[in-house]
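Read left to right, the sequence shown gives residues 1 to 547 (the UniProt record's numbering).
For glycine and all other residues, C-beta sits at the position ideal for the given N, C-alpha and C.
Here the structure comes first, spelled out in structure tokens, and everything after it is commentary.
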Amino acid sequence: MSQALQLHAQILKSGDPASKTHREAFSKLFTFSALSPAGDLSHARLILRSIPSPNSYFFNTLLRAYSRRSDAFLHLEAFSVYVSMLEHRNPAPDKFTYPSLFKCCSRLGHIRAGEQVHAQAIKSGFGSDLYAVHALVHMYSACGDSRRALELFDRMLERDVVSWTCMIGGLVDDDRPVEAITMFERMLRGGVEANDATIVSVLRACAETGSVVTGRMAHAIAREKDLASKANVRTALVDMYSKCGYLDDAGRVFDETEDGDVFIWTAMMSGLASHGKCQEALELLERMWKLRIRPDERTITAVLSACRNSGWVDEGISYFRNMKKKYGLKPTLQHYGCVVDMLARAGRLGEAEEFVQKMPFKPDPVIWRTLICACRIHGDSQRSNRLMKHLQQGDLGPDDPGSYVLMENLYAAQGKWQDKAKVRELMNCNGLKKPPGSSRIEVDGSIHEFVAGDSNHCEAEIIYEKLDEIKQQLNEEGYIPKVSELLLAPSLAILAKMMQIINANEEQGQHVQVQKESLAVWGLICIEVFFHDLEAYTFFLLIEPIK
């Protein structure tokens, strides 16, 4: 960079700064300072100020440089440059101006600013430019408006792998993984070849839906295109196979790893944790440490999750306390939350509450809900009532329906119906609604999604007939469902809940609106499981955790 500064000084000393030779020299120097990893943006701005009547190339290059950085301040500064162009109209924004601005909006997550720039691009005649539309699709997807992104995408005359990948990734980010998989299949039918980013996005969708069939297809494509050796693809494969229940396949992908990429080690550790294999996860951490692969914050989160899921509380606390000393990592709020959950699940509620009080962070609603739910499970209503005051005294978020629903359920369990009604009224006043839960199951390569209260499935009649059959069998056995015993009888828990809903609605003469667990019986019907063993029912009904 010092050589660039010397060159800048020489250019200023020699000749007329407005000459063609000088402008070409300034242009090359400016491009280096703005876009090169060895460059300096402050120097690029200095060059820009020293050029008489700079053209749009200089402004667009600076905007492009801002959009590439991760500094939010620079993304905001990009708008100052843009406003300057609008005010002076010399130079005026052109088709190269808008893609960089849309990228800055994406990085900021500021959809309002993106909408305003979009409107100005249309007014300037550049709203339909291919690169601008690509950037718009990415911007709306990144800001969580996949509906608008999809509208723009469908109107595009030309679509390349970048636009397809942006759309697939946006749908996954917006919790629409089934549509993301459909989009991927549509891309392949259109003859567009996937790149590594496409494969990673569709594998994320497969992990969300449990669609191992599509996941294996994506794996095969990655091998065919020589993408399977890329670190990001391997990590996504390990994550997908683990979440779909194929831990052996995840292990085989992991064993092919030759480098020390921390992300794939963390993904494998998370997979082991979710399958209750705490010992193997801890052994993997020690193996990682011996190979001098430095764990990061997410690695420790995976370790704490493994200890939590297996009930290894003391071991988990030991790893938490050694984060700074052994691994040089400062615990985050998420790590503290894992320890709270670990203690609470084990029934060590007093320790968990004391731990929360001594945290160096302000507890968020998730931590309070974790602790309160554990009190409810372990029958400590006195403690849960005391802790619930933290949610009532300003810790409730304006867009946090989960806390309100928890309070409702606690009041209902204690028979405090007036308090429950007040919470419901407060939710209505704030315009809050709990999103309906959903479950997904893959049958013969097709994904079936069931939403709480849904009766629109194409095979709903068959599903409800099977539910009636299950209900009759349980009644014949004299089984009386009790929600309070859900943890004591996991093999009957969901079926008991189904029966309660059915019975309650029948007694009131209402149309039966069965929860998503009931609708998931469709999976049992399709895969021809014999209905003699209640354990078999539960296995398939629990194939995806309740969100």
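Whole-angstrom distance between residue j and residue i, CA atom to CA atom
i: CYS104; j: CYS375; result: 45 Å
i: TYR336; j: GLY316; result: 11 Å
i: ILE422; j: GLY169; result: Note that residue 422 is Lys in the sequence shown here, rather than Ile. About 40 Å.
i: PRO360; j: ALA197; result: 38 Å
i: ASN385; j: CYS373; result: 11 Å
i: PHE73; j: MET268; result: 36 Å
i: ASP40; j: VAL117; result: 27 Å
i: ASP226; j: ALA218; result: 12 Å
i: PHE184; j: GLY144; result: 19 Å
i: ILE300; j: MET323; result: 8 Å
i: residue 548; j: TYR241; result: Outside the modelled stretch of the chain, which goes from 1 to 547, sits residue 548, for which no answer is possible.
i: SER124; j: SER42; result: 30 Å
i: THR209; j: VAL178; result: 7 Å
i: ALA44; j: ARG107; result: 22 Å
i: THR370; j: GLN472; result: 36 Å
i: MET156; j: SER163; result: 9 Å
i: GLY311; j: ALA273; result: 11 Å
i: GLY379; j: ASP255; result: 45 Å
i: GLU528; j: LEU391; result: Any reading at GLU528 is ruled out, since the residue's pLDDT is 45, under 50, leaving its predicted position unreliable.
i: ALA231; j: TYR411; result: 49 Å
i: ARG252; j: PRO363; result: 40 Å
i: TYR479; j: VAL340; result: 36 Å
i: VAL238; j: VAL200; result: 11 Å
i: ARG68; j: GLU224; result: 31 Å
i: SER318; j: ILE447; result: 42 Å
i: GLY109; j: ASP261; result: 29 Å
i: ASP259; j: ALA194; result: 24 Å
i: ARG122; j: GLY190; result: A small correction: the amino acid at residue 122 is Ile; Arg does not occupy that position in the sequence shown. If I take the Cα positions, the gap works out to 29 Å.
i: VAL405; j: ARG424; result: 8 Å
Opening and closing residue of the alpha helix (DSSP H) in which residue i lies
i: residue 580; result: Here the chain covers residues 1 to 547 and nothing more, so residue 580 does not appear.
i: THR198; result: 196 to 209
i: ASN309; result: 297 to 310
i: ALA421; result: 417 to 429
i: ALA218; result: 212 to 224
i: GLY170; result: 161 to 173
i: PHE73; result: 72 to 88
i: ALA92; result: ALA92 -> no alpha helix (DSSP H), and no H or E assigned at all.
i: VAL103; result: The sequence given here places Lys at residue 103; Val does not occur at that position. Where LYS103 is concerned, the enclosing alpha helix (DSSP H) stretches over 97 to 108.
i: THR370; result: 365 to 377
i: TYR336; result: 333 to 345
i: ARG348; result: Where ARG348 is concerned, there is no enclosing alpha helix (DSSP H), given that its DSSP letter is neither H nor E.
i: ALA273; result: 262 to 274
i: THR257; result: Per DSSP, THR257 belongs to no alpha helix (DSSP H) and is neither H nor E.
i: GLN279; result: 278 to 290
i: SER381; result: 381 to 390
i: MET407; result: 401 to 413
i: LYS466; result: 460 to 476
i: ARG294; result: First-last for ARG294: undefined, no H or E at that position.
i: PHE184; result: 177 to 189
i: GLU151; result: 146 to 155
For residue i: DSSP bridge partner residues
i: HIS448; result: ILE441
Any non-hydrogen atom of the ligand PLP closer than 7 Å to residue i Cβ
i: GLY125; result: The ligand PLP is absent from the structure shown, which contains no ligands of any kind.
Practice problem: Spell out a yes or no on whether the stretch 81 to 99 and the stretch 124 to 134 are touching, meaning 3 or more CB-CB pairs, one atom from each, closer than 8 Å. | Solution: In short, these stretches touch, since the Cβ pair count reaches three.
Exercise. Give, in chain order, every unbroken run of the alpha helix (DSSP H) that is at least 4 residues long and sits entirely within the stretch 23 to 50.
Key: 41 to 50
Practice problem: Could you tell me whether the stretch 77 to 84 touches the stretch 49 to 57, using the rule of 3 or more Cβ pairs below 8 Å? | Solution: no
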